[in-house]
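In what follows, a single structure is set out as structure tokens and then discussed.
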DNA sequence: CTATTCTTGACTAATTTGGTCAAGTTATAA
DNA sequence: TTATAACTTGACCAAATTAGTCAAGAATAG
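Protein chains in written order, with my numbering: chain X, 18 to 165; chain G, 18 to 165.
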């Protein structure tokens, strides 16, 4: 469990995609301007998002990125998992779940408990929800821009 | 909003305190062994936790750290705020909240929305809850150790 | 009462990790 | 074939983490 600036950037970028999906592919240059991050860094993030099947990339002029699934079917936790992936790739060849539980200090089980709670919560928030404010409207500035 | 390994260490360390508070002060050396972090780093963390009034230090033999408030009155978010404090200290002399909202790209407002949600959730989880599993018992290994 | 040991408290420096960016490469539409 | 924008790789910089030193308070042994 981890929620750093990297995760934040990924989430806000995905929010941007969710808001603009009507107007076709969104270019990284646009997001770069919007969030004042470098395109290079966005490329790194989207490489991982693409690898995890959250977005699709369209090359060439008029290209950009789109959500692969509808925004209501992508959770905030999905995005974090895609971007943070630190342990998935690393091979855990032999050790079983139980063996790991033994090895790791029991104090870490405390964290796992809590971590699971938080992740469950973040899994309950969809990208569609995140983009929508409490009273059901899109957030102010973003709405204006997407309607322009 | 930020939840990195630093925050995790602080939280698990506080959990340890919550579990052992019956046996009096907990020494940093103990926690260091338990979680395999350096004592030096723990000292840094606890310096901040103490500054924010979450723990009290008792010197001398038999000394250590205790929770200042009962575990049920300390939220997980409290701990994160204490340890992460990056912006509190930095002076925001003139700019009002509204002015900041103008300046920051509107896409960041999306994040703030979500960030508030997450923090609200973490504020709803007390240290006491975090240490207790769903069926109301203390977590396995930790319970055994605290009873030994 | 003095010495010794345990532990916080306040530093500083070294190291490792992760975040950030720059430049070059390939695919695709016009 | 030319411009656009996704891909790929490598390097740099800042923050997290470890390591270590020194002082001072507090209980205990002698």
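Ideal placement from N, C-alpha and C gives every residue a C-beta, glycine not left out.
Rounded to the nearest whole angstrom, the CA to CA distance from residue 135 of chain X to residue 45 of chain X is 30 Å. Nearest neighbour of residue 98 of chain G by Cα position, chosen from G:80, G:137 and G:149, turns out to be G:137.
When the beta-carbon positions are compared, residue 62 of chain X and residue 100 of chain X come within less than 8 Å of each other. For residue 76 of chain X, the closest C-alpha among the options X:58, X:42 and X:127 is that of X:42.
Straight-line spacing of the CA atoms in residue 38 of chain G and residue 82 of chain G works out to 9 Å. By the neighbour-count criterion, in which a residue is buried when 16 or more other Cβ atoms sit within 10 angstroms of its Cβ, residue 133 of chain X is exposed. By the criterion of a C-beta distance shorter than 7 Å, residue 54 of chain X is surrounded in its chain by 26, once the five residues flanking it on both sides are discounted. By the Cβ neighbour-count rule, residue 50 of chain X is exposed, with fewer than 16 other Cβ atoms within 10 Å of its own.
Comparing alpha-carbon positions, the option among X:60, X:79 and X:86 lying closest to residue 72 of chain X turns out to be X:86.
Inter-residue distance for residue 32 of chain G and residue 57 of chain G is about 19 Å (C-alpha atoms, whole angstroms). For residue 100 of chain X, the enclosing alpha helix (DSSP H) stretches over residues 93-101. Taking 8 Å as the cut-off, the Cβ atoms of residue 148 of chain X and residue 35 of chain X count as close. Judged by DSSP in its simplified three-state form, residue 143 of chain X adopts strand.
Shown here, residue 75 of chain X sits in a strand according to DSSP, grouped into three states.
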